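Beneath this line is the structure, given in C-alpha cells, with notes to follow.
Protein chains in written order, with the numbering used here: chain A, 1 to 140; chain B, 1001 to 1140.
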C-alpha cells in the first residue's frame, strides 16, 4: 500500500481562482474581515523560496508583485502585507493582504490580537475589479 | 520651523549590522525567542515593494533570499518565515525568521498566540557562523 502525504495546497485550489499559468496560481481567499486577501501558490510541492531555482523565484515574486499592484489599484488599501510562512502547510504560498487603518487587527499583523470589530472597506464591484486588475497585469 | 517625520528605520540601524551596500542593509534582530531573526531593510524611505523599480525590487529580494539561505545554513531551522508588513513602520523591511518546531509560537506566526515557553536552539558559535554565512552570499 502506498503511503499518501496530505497537503492541502496539493489537493485543493485554496480559494477562488483568479489566474494561473503552468507554475503558479492566484486565488482570492474567503475572509470576511479581509476582502481582497489573495494568495499566490506555487503549484509544485516545494517548501522554501531557496529550494526554487533563481528563475522560478523571480517568476513567483513577479506574480506576487503583480497581485500587490492589482490589489492596490482595486482595493486602495492603506498598506500591503506580504508573507510566506508555511508552518502549517509547508508548500510555498504567498499571502498578499490589503490592510486598512480601521481593519480588525491594524496595525497588528492579521495573525495578531484583534484590535476592534473591524469594518471591511469594499469598493463598488471590487470582486470583478480585482479579478480584472490581476488578469491585466499577468500574461495570458 | 520645519516639521520632522519620525521613522525608526530612517533614524536607526535597527539591529546589529551584518552587511550593507548602497541600497539596503541586513541586521540581526535582538529577540531572545528567535536567535538568528534577521531584517533586510531598504535604505530609502519607501512604503511598498511596488513603489520600487523592478531592478530595485529584484535587488532587495535577492538580498532577502541570500539571507534566507544563510540562516538555513547557520541555524538549520525547520522552516523559514518571510514577511514584509510595515503597518507600524511603513519603511520597506523584510523579516527573515528561522522557525523551529518547538519555538515559542510554532506553528503559529511569531505575531500570533504563544504556544509554549519555547527553547531557542543555538548551534555552537551561531552568531559568528551566521555573519559569515550572510557575508559569503552577498557581494563585497
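A virtual CB, placed ideally from N, CA and C, is assigned to each residue, including glycine.
For clarity, every value in this text was computed on a predicted model and none was experimentally measured.
Residue range 16 to 20 is occupied by the beta strand (DSSP E) that includes residue 16/A. Approximately 5 Å separates the beta-carbon atoms of residue 1019/B and residue 1138/B; this is inside 8 Å, confirming the contact.
In the three-state DSSP reduction, residue 1079/B falls in the strand class (E or B). Ranked by Cα distance from residue 1092/B, the first of 1051/B, 1036/B and 1135/B is 1051/B.
A straight-line Cα-Cα distance of about 35 Å links residue 10/A and residue 1088/B. Per DSSP, the unbroken beta strand (DSSP E) holding residue 42/A starts and ends at 38 to 42.
Taking a beta-carbon distance threshold of 7 Å, residue 136/A does not count as an interface residue toward chain B.
Residue pairing by DSSP places residue 28/A opposite 16/A and 38/A in a beta bridge. Among the CB atoms of chain B, none fall inside 7 Å of the CB of residue 37/A. Counting every other CB atom within 10 Å of its CB across the protein chains shown gives residue 1109/B a total of 16 or more, marking it as buried.
Residues of the region 93 to 114 of chain A with a C-beta less than 8 Å from any C-beta of chain B: 99, 106, 107, 108, 109, 111 and 112, listed in chain order. When rounded, the separation of the alpha-carbon atoms in residue 1094/B and residue 1075/B is 18 Å.
Taking a cut-off of 8 Å on C-beta distances, the region 28 to 44 of chain A touches the region 57 to 76 of chain A, as three or more cross pairs fall below it. A Cβ-Cβ contact shorter than 7 Å links residue 1100/B with residue 1121/B.
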